[in-house]
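Protein sequences appear in the order of chains A and B.
The numbers in our numbering rise by one with no breaks, and the one at position 193 of the first sequence is 232.
The numbers in our numbering rise by one with no breaks, and the one at position 157 of the second sequence is 196.
Below is one structure, written out as structure tokens, with a few remarks after it.
Number of protein chains: 2
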Amino acid sequence: MRVRLEDVARAASVSPKTVSRVLNDEANVTDATRQRVRAAMEAMDYRPHPSARSLAGNRSFLVAMLYDNNDNPSSTYLAEIQDGVLEACDAHRYSMMVRPLRMRDGDFIRRLDTLISDHHPDGVVLTPPITDYAPLLKRLREHKVPYASVSPLRRGKTLGVTMDEQHAARAIVEHLLELGHRRIAHVIGIANHGASRWRLAGYREAMAAAGLPEDPALVVQGAFTFGSGVEAARQLFSLAERPTAVFAANDDMATGVMWAAGEYGLKVPHDLSVCGFDDTPLSRQLWPALTTVQQPSREMGKIAAEQLLTELRGHGTGRLVQMPFSLQIRGSTAIAP
Amino acid sequence: MRVRLEDVARAASVSPKTVSRVLNDEANVTDATRQRVRAAMEAMDYRPHPSARSLAGNRSFLVAMLYDNNDNPSSTYLAEIQDGVLEACDAHRYSMMVRPLRMRDGDFIRRLDTLISDHHPDGVVLTPPITDYAPLLKRLREHKVPYASVSPLRRGKTLGVTMDEQHAARAIVEHLLELGHRRIAHVIGIANHGASRWRLAGYREAMAAAGLPEDPALVVQGAFTFGSGVEAARQLFSLAERPTAVFAANDDMATGVMWAAGEYGLKVPHDLSVCGFDDTPLSRQLWPALTTVQQPSREMGKIAAEQLLTELRGHGTGRLVQMPFSLQIRGSTAIAP
DNA sequence: GGCAGGAATGACAGCGCTGTCAATTTGCGT
DNA sequence: ACGCAAATTGACAGCGCTGTCATTCCTGCC
Chain A
40 MRVRLEDVAR AASVSPKTVS RVLNDEANVT DATRQRVRAA MEAMDYRPHP
90 SARSLAGNRS FLVAMLYDNN DNPSSTYLAE IQDGVLEACD AHRYSMMVRP
140 LRMRDGDFIR RLDTLISDHH PDGVVLTPPI TDYAPLLKRL REHKVPYASV
190 SPLRRGKTLG VTMDEQHAAR AIVEHLLELG HRRIAHVIGI ANHGASRWRL
240 AGYREAMAAA GLPEDPALVV QGAFTFGSGV EAARQLFSLA ERPTAVFAAN
290 DDMATGVMWA AGEYGLKVPH DLSVCGFDDT PLSRQLWPAL TTVQQPSREM
340 GKIAAEQLLT ELRGHGTGRL VQMPFSLQIR GSTAIAP
Chain B
40 MRVRLEDVAR AASVSPKTVS RVLNDEANVT DATRQRVRAA MEAMDYRPHP
90 SARSLAGNRS FLVAMLYDNN DNPSSTYLAE IQDGVLEACD AHRYSMMVRP
140 LRMRDGDFIR RLDTLISDHH PDGVVLTPPI TDYAPLLKRL REHKVPYASV
190 SPLRRGKTLG VTMDEQHAAR AIVEHLLELG HRRIAHVIGI ANHGASRWRL
240 AGYREAMAAA GLPEDPALVV QGAFTFGSGV EAARQLFSLA ERPTAVFAAN
290 DDMATGVMWA AGEYGLKVPH DLSVCGFDDT PLSRQLWPAL TTVQQPSREM
340 GKIAAEQLLT ELRGHGTGRL VQMPFSLQIR GSTAIAP
């Protein structure tokens with residue numbers, strides 16, 4: 040029937056315990072033995088039984104990915120992160136479980152406790168915006184469940200991965216400045232999301248560096264959705280002195296801005312330059328294609344999970360990795376009119 | 040430390056085996072005993088150890104949700120299904136695992152085998168477009184892993200959930216006909232997806248019933264994306280005799296059509312009526328809001344999982360459930376010009 | 001009242017692996 | 001060549017639960 044560890048042991052003429060050691064990359068096995076056991080495993084296509092390992096070894100080989108499904112950034116973004124986390128888990132033969140948590144509902148602590156006592160994840164990956172919710176982090180530490188975060192708000196000794204979003208935002212605004220734009224507007228994302236803060240900060244930084252005083256009328260609140268982009272843009276286009284460029288905090292809102300531009304008879308990029316952030320598939324399909332910042336979400340999910348797994352295996356200690364970004368200059372931005 | 044089944048047994052003055060019986064809803068336990076055991080479990084906040092259950096009982100309490108991440112319908116759609124499946128699994132104390140499969144890559148059979156030998160899922164939920172890929176289904180049957188499908192192409196004795204998409208498509212086209220439209224175009228989704236076929240069939244049915252001969256120029260291929268909607272619309276708007284209404288096979292493409300309408304100076308709904316399918320969040324944020332068909336994806340995921348779980352528990356046998364749909368008549372459709 | 005027959009309960013082994021610790025082998029200095 | 005410490009290997013129990021089968025407890029009926 041099923042090939043068991045014992046069968047491998049017999050085939051390799053060693054004790055089961057030695058096979059176990061090889062399986063878990065433990066020390067104190069001679070290379071010769073290790074090779075022999077590996078060969079036997081390979082030959083017999085041995086697959087350890089996760090439940091047995093988990094029961095005997097008191098660990099689950101399970102990573103849970105937590106997200107907030109009340110209030111999440113786009114589901115595309117989450118899906119990409121999920122894909123990356125999954126890839127890393129697969130590579131290390133961990134399994135992954137996804138858990139929506141509803142922060143607003145208040146019972147999330149109970150739900151977290153349930154998750155932990157029911158499934159005993161060895162570690163947890165946190166995604167925005169729940170990377171910095173103090174009660175959650177506290178509870179995880181109480182349960183002694185290690186975690187890694189994707190784009191946490193607070194940098195520090197946290198495990199995980201970030202991108203220098205502020206720098207990226209500054210760079211994209213500088214691109215607009217170089218094109219001669221002076222009245223540059225910004226559409227902010229959902230308040231309190233790290234992404235919103237950093238992108239706003241980058242915008243301000245670039246404007247200030249260019250010696251342009253901030254015009255409050257040019258900074259409008261949005262909510263990361265297409266619709267909120269449309270509304271923000273309408274507000275901007277109704278101003279006596281209209282902006283010549285809009286930097287929206289994500290692509291969905293930028294798309295909304297382009298949509299609204301059509302309503303007002305503004306041609307992009309001739310009358311108005313628009314840029315976004317994220318480099319979603321949508322941004323390439325638009326016409327003109329959207330100038331934006333590429334954020335490697337999938338890769339970030341993967342790296343966050345790898346940091347966590349490194350920590351779990353005790354192989355050295357993980358840290359907060361900073362990802363590079365890249366501007367995608369496309370057709371939606373042009374010389375100021 | 041941890042409360043074990045044995046502890047509950049002692050508290051309820053029964054043997055461990057009896058507690059196990061209660062835990063698994065088995066027969067041959069008096070109500071009195073059952074109550075007593077339940078009370079003890081409750082009082083001690085007992086949580087069975089999944090690995091121990093799985094090891095001893097030879098089942099995993101695991102449901103895997105499979106999807107194609109080369110070629111999927113929108114990630115929003117999948118995310119909703121995932122949420123629904125998760126909800127059902129949670130309710131029955133099963134855990135859920137998501138597995139992207141790349142049908143195009145050809146090694147998916149090996150990946151499926153790996154999934155099964157590594158994790159031993161008790162059952163599998165299939166999502167479009169991999170609900171009908173014969174080699175996959177065959178392999179699942181060979182492994183004797185039961186499956187349930189969301190919107191399978193082939194109805195039959197399959198377990199799962201569908202919606203009468205053809206009927207819904209017909210209904211929405213009839214809505215356009217009632218508004219006086221005669222030149223009604225259709226933008227098709229990705230070929231071979233059941234969704235594309237049914238929606239096209241519904242369109243044809245409605246047109247034929249109204250006695251309108253099919254004009255091939257009015258039926259354009261798309262690919263379920265915003266961009267493909269834009270391109271399809273450009274094609275339609277370049278016709279000598281333009282359509283007065285467009286029914287796109289999903290909301291993303293319908294949004295693309297509205298976008299392209301702006302480029303051509305067509306006002307929606309005054310000059311052009313547009314409708315979609317799916318009722319994505321986007322459809323409500325547009326202006327005008329999109330007339331579309333509400334497809335209860337989350338609910339469908341939940342029901343598919345429930346059908347599967349029913350089957351797994353042997354409590355009666357699951358079947359193919361048909362969901363109701365509802366038209367969402369909004370601002371993007373109006374009386375023909 | 002006694003007994004068959006089914007319902008309810010329990011004893012016990014074992015699922016496949018790893019932790020602990022004991023046994024054995026190896027390498028090294030003298 | 002010998003002794004000793006360190007490296008390597010193995011024996012064995014047990015993780016928390018369920019399957020199997022034996023045992024006990026009820027019924028109803030003659």
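For glycine and all other residues, C-beta sits at the position ideal for the given N, C-alpha and C.
Counting every other CB atom within 10 Å of its CB across the protein chains shown gives Ala-271(A) a total of 16 or more, marking it as buried.
Pairing Gly-219(B) with Pro-376(B), the inter-Cα distance amounts to about 9 Å. Taking 8 Å as the upper bound on Cβ-Cβ separation, chain A lies near residues Gly-301, Glu-302, Pro-320 and Leu-321 of the region 300 to 321 of chain B.
In the DSSP assignment, Gly-315(A) falls outside any alpha helix (DSSP H), carrying neither H nor E.
One thing to note: Pro-327(B) has its Cβ within 8 Å of the Cβ of Arg-369(B). Take the alpha-carbon of Thr-201(A) and the one of Ala-234(A): they are about 10 Å apart.
Counted as a single uninterrupted DSSP element, the beta strand (DSSP E) harbouring Thr-331(A) occupies residues 331 to 333.
At least 8 Å separates the CB of Val-285(B) from every CB of chain A. Annotation for Gly-241(A): the continuous alpha helix (DSSP H) segment containing it runs 233 to 248. Under the Cβ distance rule, Trp-237(A) does not count among the residues neighbouring chain B, no pair being separated by less than 8 Å. Judged by DSSP in its simplified three-state form, Ser-52(B) adopts coil rather than helix or strand.
Taking a C-beta distance under 8 Å as the contact criterion, Leu-351(B) and Asp-161(B) qualify as a contact pair. When CB distances to chain A are screened at a threshold of 7 Å, not a single residue of the region 188 to 205 of chain B falls below it. By the Cβ test, the region 239 to 256 of chain A is not in contact with the region 306 to 319 of chain B, since fewer than three Cβ pairs between them sit closer than 8 Å. The closest CA to that of Asp-46(B), considering only Asp-64(B), Glu-65(B) and Arg-77(B), is found on Arg-77(B).
Within chain A, the residues whose beta carbon sits less than 8 Å from that of Asn-108(B) are Asp-122, listed in sequence order. Annotation for Ala-210(A): Leu-366 place their beta carbon closer than 7 Å to its own, counting only its chain and skipping 5 residues before and after. Neighbours of Val-137(B) across chain A, judged by C-beta separation under 9 Å: Gln-121, Leu-125, Met-135, Met-136 and Val-137. Between Ser-188(B) and Leu-165(B) a beta carbon distance of about 4 Å is seen, short of the 8 Å cut, so the two are scored as contacting. Runs of the alpha helix (DSSP H) lying entirely within the region 161 to 212 of chain B, each at least 4 residues long, are 173 to 181 in chain order. Here Glu-244(A) has Arg-209 as same chain residues with Cβ atoms under 6 Å from its own Cβ, once five neighbours each way along the sequence are excluded. Taking one beta carbon from each stretch, the region 115 to 129 of chain B and the region 78 to 87 of chain B have fewer than 3 pairs nearer than 8 Å; the two do not touch.
When C-beta distances to chain A are compared with 9 Å, the residues of the region 151 to 168 of chain B below that value are Thr-153, Ser-156, Asp-157, His-158 and His-159, in chain order. Distances from the alpha-carbon of Ala-288(B) to those of Phe-316(B), Ile-155(B) and Val-137(B) put Phe-316(B) closest. Contact between Ser-156(A) and Thr-170(A) does not hold, since their C-beta atoms are separated by about 23 Å, which reaches or exceeds 8 Å. Of the candidates Gln-74(A), Arg-337(A) and Cys-128(A), the residue whose Cα lies closest to the Cα of Ser-52(A) is Gln-74(A).
Rounded to the nearest whole angstrom, the CA to CA distance from Arg-92(B) to Gly-340(A) is 31 Å.
Secondary structure at Tyr-133(B): coil, using DSSP grouped into helix, strand and coil. Counting the other Cβ atoms within 10 Å of the Cβ of Glu-65(A) gives fewer than 16, which makes it exposed.
According to the DSSP assignment, Leu-101(B) belongs to the beta strand (DSSP E) that extends over 101 to 107.
Identification of chain A residues near Pro-89(B) by a Cβ-Cβ cut-off of 9 Å yields Ser-90, Ser-93, Ser-99, Asp-157, His-158 and His-159, ordered along the chain.
Each residue's CA atom was taken as its position, placing Leu-198(A) and Arg-43(B) some 33 Å apart.
Around the beta carbon of Leu-278(A), fewer than 16 other beta carbons lie within 10 angstroms, which makes this residue exposed. Leu-175(A) is not a Cβ neighbour of Leu-192(A), given a cutoff of 8 Å. The beta carbon of Thr-372(A) is closer than 8 Å to those of His-214, Leu-215, Leu-218, Ala-284, Pro-308, Ser-312, Val-313, Cys-314 and Thr-330 in its chain, skipping five residues each way along the sequence. The residues Arg-222, Ile-223, Ala-224, Leu-257 and Leu-275, in chain order, have a CB closer than 7 Å to that of Pro-282(A) in the same chain once the five nearest residues on each side in sequence are set aside.
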